Amino acid sequence: MRRPLIVGNWKMNGTCENAKQLLADLLSGLGNDGTREVGVCIPYVLIPAAAEQLADTAIALGAQNVGDHEAGAFTGEVSASMLKEFGCRLAIVGHSERRALYHESNEMVAARYSQSIAHGIQPILCVGETLEQRDDDKTFDVVGEQLSAVLNTSGEESLFSAVIAYEPVWAIGTGVTASVDQAQEVHAFIRNRVAELDKEAAEQVRILYGGSVKPDNAAGLFAMPDIDGGLIGGASLDAGAFLAICGAAQAGE
Ligand code: PEP
């Protein structure tokens, strides 16, 4: 049985003050009954303070990216070992905003994923198609290639220590959510693709849905057989909304 996982992606939002308040609100609102896991992927500079606040709590701390090398002359990058030192347990890799705005290729995403695995940080590998690619019937090709690039580098066994997030680009931050059937179809495709390589990994890997998840659409999505939780952008900045989404994961088990 896969335990649902809900992860907030704060993107480039937050101050020391309001991050502290948001985390405090989440900590007091979340039960700790173990039926689902919760994480937050926050801006790098907020990580040290959050690491103290979240130590020994039920909320896993995460980053929104991770360096593609061990160490060295890579200005602006933060390595997996640095994140580990601050208690990060999760790192998003291959978010569509990184792919589109910062031209991160499948190969670079694969290197970031591999660094993350090597340092014991669970990568959340984001995959997803643009609207144009969907309209051209290329969804499965695009998602399949994004997945293969990573598995060719790190092997399917890496999926025992990773999470996949299907995030259709056209649904991110747009208020347009994939229908439950559209989402389930791609999640099933991903799981079947993994199963061709390793049945146990396919059974075990959590595949999150991301793209305009809100309290009113979360339960329907999380009830689908291959949707194991969500990667939540905008709604993760509002404690009430994020807690309601976490609650939906519990109910949708
Ligand atoms: C995201 O950025 O990963 C995301 C899913 O954003 P939103 O929930 O705002 O669509």
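Counting in my numbering, the sequence shown runs without a single skipped number right up to 255 at its last residue. A virtual CB, placed ideally from N, CA and C, is assigned to each residue, including glycine. Bear in mind the structure is a predicted one, so any value in this text is a computation, not a measurement.
Unbroken beta strand (DSSP E) run spanning residue i, endpoints
i             : result
arginine 208  : 208 to 212
glutamate 19  : Not the beta strand (DSSP E): glutamate 19 falls in the alpha helix (DSSP H), residues 18 to 31.
glycine 10    : 7 to 11
leucine 48    : Leucine 48 -> no beta strand (DSSP E), and no H or E assigned at all.
proline 125   : 124 to 129
glycine 167   : For the record, residue 167 in the displayed sequence is alanine; it is not glycine. Its beta strand (DSSP E) spans residues 165 to 168.
leucine 63    : 61 to 65
glutamate 147 : Note, glutamate 147: premise wrong, no beta strand (DSSP E); alpha helix (DSSP H) at 141 to 156.
Contacting residues, own chain, Cβ-Cβ under 7 Å from residue i (five flanking each side not counted)
i                 : result
asparagine 108    : Glu147, Gln148, Ala151
cysteine 90       : Ile49, Leu63, Gly64, Ala65, Ile123
phenylalanine 244 : Gly10, Leu28, Ile234, Ala237, Ser238
threonine 59      : Leu29
alanine 102       : none
serine 83         : His121
phenylalanine 162 : Ala203, Gln206
Residue range of the unbroken alpha helix (DSSP H) whose run includes residue i
i            : result
cysteine 248 : 241 to 253
tyrosine 115 : 108 to 120
Other residues of its chain near residue i: CB distance less than 6 Å, five sequence neighbours each side excluded
i            : result
arginine 114 : Val68, Asp70, Val95
glutamate 79 : Gly69
leucine 56   : Leu63
leucine 7    : Glu39, Arg208, Gly231
alanine 204  : Arg193, Val196, Ala197
Counted within 10 angstroms of its Cβ, other Cβ atoms place residue i as buried (16 or more) or exposed
i              : result
cysteine 128   : buried
leucine 223    : buried
leucine 133    : exposed
threonine 179  : buried
proline 227    : exposed
asparagine 106 : The question names asparagine, but residue 106 in the sequence shown is glutamate. So glutamate 106 ends up on the buried side.
serine 156     : buried
glycine 41     : buried
serine 160     : buried
glutamate 169  : buried
alanine 75     : exposed
serine 98      : buried
Option nearest residue i by Cα separation, candidates the options
i              : options                        : result
valine 144     : Glu54, Arg195, Pro125          : Arg195
glutamine 184  : Gln206, Asp137, Leu199, Leu153 : Asp137
asparagine 15  : Asp218, Met3, Leu24            : Leu24
arginine 5     : Glu39, Gly33, Asn34            : Glu39
glutamate 158  : Leu199, Phe142, Val182, Lys140 : Leu199
valine 164     : Gly36, Ala112, Asn219          : Residue identity check: residue 164 is alanine in the sequence provided, not valine. Of the candidates Gly36, Ala112, Asn219, the one whose C-alpha sits nearest the C-alpha of alanine 164 is Ala112.
serine 214     : Trp172, Gln252, Ala204         : Trp172
glycine 31     : Ile44, Ile61, Glu99, Cys43     : Ile61
isoleucine 44  : Thr37, Lys13, Gly36            : Lys13
glutamate 187  : Tyr211, His97, Lys201          : Tyr211
alanine 26     : Tyr46, Glu54, Gly36            : Glu54
isoleucine 229 : Ala190, His97, Gly177, Tyr46   : Ala190
alanine 246    : His97, Asn154, Leu153, Pro217  : Pro217
serine 181     : Ala225, Leu153, Phe142, Asn154 : Ala225
Spatial neighbours of residue i in its chain, beta-carbon cut-off 8 Å, leaving aside the 5 residues before and after
i              : result
cysteine 18    : Leu48, Ala51
lysine 140     : Glu131
glycine 175    : Ser214, Gly235, Gly236
glutamine 117  : Val68, Gly69, Asp70, His71, Glu72, Ser81, Ala82
lysine 86      : His121, Gly122, Ile123
methionine 110 : Asp70
Closer than 6 Å: residue i CB and nearest the ligand ATP heavy atom
i           : result
leucine 233 : For the structure depicted, the ligand ATP is absent and the ligand set comprises only the ligand PEP.
Short CB-CB distance (under 7 Å) between residue i and chain B
i          : result
leucine 85 : Absence of chain B from the displayed structure is noted, only one protein chain being present.
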